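Number 52 in the numbering used here belongs to position 71 of the sequence shown; there are no gaps in the numbering. These notes are about the structure you will find just below.
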Amino acid sequence: QVGSNNYPHQFNNREGFKFNAGCSAPFYEFPVLSSGLYSGGSPGADRVVIGSWDGTNAVFCDAITHTGASGNNFLQCTNT
-18 QVGSNNYPHQ
-8 FNNREGFKFN
2 AGCSAPFYEF
12 PVLSSGLYSG
22 GSPGADRVVI
32 GSWDGTNAVF
42 CDAITHTGAS
52 GNNFLQCTNT
(Lines of atoms letter the chains of each structure in order from A and count residues from 1; the text may use other names and numbers.)
(Lines give C-alpha, C1' and ligand atoms only; values in the text may rest on other atoms or scores of the structure.)
Protein backbone atom coordinates (compact mmCIF):
# COMPACT_ATOMS: atom_id res chain seq x y z
CA GLN A 1 0.00 0.00 0.00
CA VAL A 2 1.11 3.54 -0.76
CA GLY A 3 1.03 6.81 1.21
CA SER A 4 -0.37 7.72 4.61
CA ASN A 5 -3.91 6.95 3.39
CA ASN A 6 -2.85 3.41 2.39
CA TYR A 7 -3.95 3.40 -1.24
CA PRO A 8 -5.59 1.53 -2.74
CA HIS A 9 -8.27 1.50 -0.09
CA GLN A 10 -11.91 0.59 -0.07
CA PHE A 11 -14.31 3.06 -1.68
CA ASN A 12 -17.73 2.80 -0.04
CA ASN A 13 -19.66 4.61 -2.80
CA ARG A 14 -21.71 6.67 -0.36
CA GLU A 15 -22.62 8.89 -3.32
CA GLY A 16 -24.41 5.96 -4.99
CA PHE A 17 -22.60 6.20 -8.34
CA LYS A 18 -23.69 3.87 -11.14
CA PHE A 19 -20.47 2.34 -12.42
CA ASN A 20 -19.61 0.69 -15.73
CA ALA A 21 -21.18 -2.67 -16.54
CA GLY A 22 -19.36 -5.62 -15.02
CA CYS A 23 -18.08 -3.61 -12.07
CA SER A 24 -19.28 -4.76 -8.67
CA ALA A 25 -18.33 -4.26 -5.02
CA PRO A 26 -16.05 -4.28 -3.23
CA PHE A 27 -14.72 -1.09 -4.81
CA TYR A 28 -11.23 0.35 -4.31
CA GLU A 29 -9.88 3.83 -5.09
CA PHE A 30 -6.40 4.95 -6.11
CA PRO A 31 -5.11 8.46 -6.89
CA VAL A 32 -4.65 9.58 -10.49
CA LEU A 33 -2.09 12.34 -11.04
CA SER A 34 -1.32 14.25 -14.23
CA SER A 35 2.32 14.36 -13.11
CA GLY A 36 2.79 10.58 -13.08
CA LEU A 37 2.39 7.66 -10.70
CA TYR A 38 1.25 8.23 -7.14
CA SER A 39 3.96 7.17 -4.69
CA GLY A 40 2.84 8.94 -1.50
CA GLY A 41 2.16 12.45 -0.26
CA SER A 42 -0.88 14.43 -1.35
CA PRO A 43 -3.22 12.23 -3.39
CA GLY A 44 -4.74 15.19 -5.24
CA ALA A 45 -8.41 15.38 -6.20
CA ASP A 46 -8.78 12.60 -8.76
CA ARG A 47 -9.20 8.84 -8.31
CA VAL A 48 -9.68 5.73 -10.36
CA VAL A 49 -12.18 3.23 -8.96
CA ILE A 50 -11.80 -0.50 -9.55
CA GLY A 51 -14.13 -3.30 -8.55
CA SER A 52 -14.94 -6.98 -9.09
CA TRP A 53 -11.56 -7.73 -7.52
CA ASP A 54 -10.93 -11.46 -7.12
CA GLY A 55 -7.52 -11.21 -5.45
CA THR A 56 -5.67 -11.14 -8.78
CA ASN A 57 -7.78 -9.25 -11.32
CA ALA A 58 -10.05 -6.21 -11.17
CA VAL A 59 -12.36 -4.23 -13.46
CA PHE A 60 -12.16 -0.49 -14.22
CA CYS A 61 -15.31 1.08 -12.76
CA ASP A 62 -14.85 4.81 -13.39
CA ALA A 63 -12.93 7.96 -12.54
CA ILE A 64 -14.07 10.29 -9.74
CA THR A 65 -12.94 13.68 -8.46
CA HIS A 66 -13.23 15.94 -5.43
CA THR A 67 -13.06 18.95 -7.80
CA GLY A 68 -16.39 20.78 -7.68
CA ALA A 69 -17.84 18.51 -4.99
CA SER A 70 -18.90 19.74 -1.56
CA GLY A 71 -16.93 18.78 1.52
CA ASN A 72 -15.02 15.54 1.10
CA ASN A 73 -17.51 14.15 -1.44
CA PHE A 74 -16.73 13.02 -4.96
CA LEU A 75 -18.28 13.70 -8.37
CA GLN A 76 -18.32 11.07 -11.07
CA CYS A 77 -16.36 11.91 -14.20
CA THR A 78 -18.00 11.81 -17.62
CA ASN A 79 -16.87 8.94 -19.83
CA THR A 80 -16.32 10.35 -23.28
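Note that beta-carbon positions come from the ideal geometry of N, C-alpha and C, so glycine has one too. Source: prediction; values computed, not measured.
Quick test of your reading: residue i and residue j, contact by CB under 8 Å. State the CB separation rounded to the nearest angstrom.
| i | j | result |
| --- | --- | --- |
| residue 42 | residue 11 | Not confirmed; about 11 Å, so no contact. |
| residue -16 | residue 22 | 7 Å |
| residue 40 | residue 3 | 5 Å |
| residue 86 | residue 13 | The question about residue 86 has no answer, for the chain in this structure spans -18 to 61. |
| residue 54 | residue 24 | Not quite, the Cβ-Cβ distance comes to about 15 Å (not below 8 Å), so this is no contact. |
Indicate the three-state DSSP secondary structure (helix, strand or coil) for residue i in the structure shown.
| i | result |
| --- | --- |
| residue 47 | coil |
| residue -18 | coil |
| residue 41 | strand |
Sort the options by Cα distance to residue i and report the nearest one.
| i | options | result |
| --- | --- | --- |
| residue -12 | -5, 54, 20 and 33 | 20 |
| residue -6 | 30, 24, 15 and 17 | 30 |
| residue 5 | 28, 46, -9 and -18 | -9 |
| residue 46 | 58, 9 and -18 | 58 |
Which term fits residue i, buried or exposed, when burial requires 16 or more other beta carbons within 10 angstroms of its beta carbon?
| i | result |
| --- | --- |
| residue 32 | buried |
| residue 27 | buried |
| residue 7 | exposed |
- Enumerate, from N- to C-terminal direction, the unbroken beta strand (DSSP E) stretches of 3 or more residues contained entirely within the stretch -7 to 39. 8 to 12 and 27 to 32
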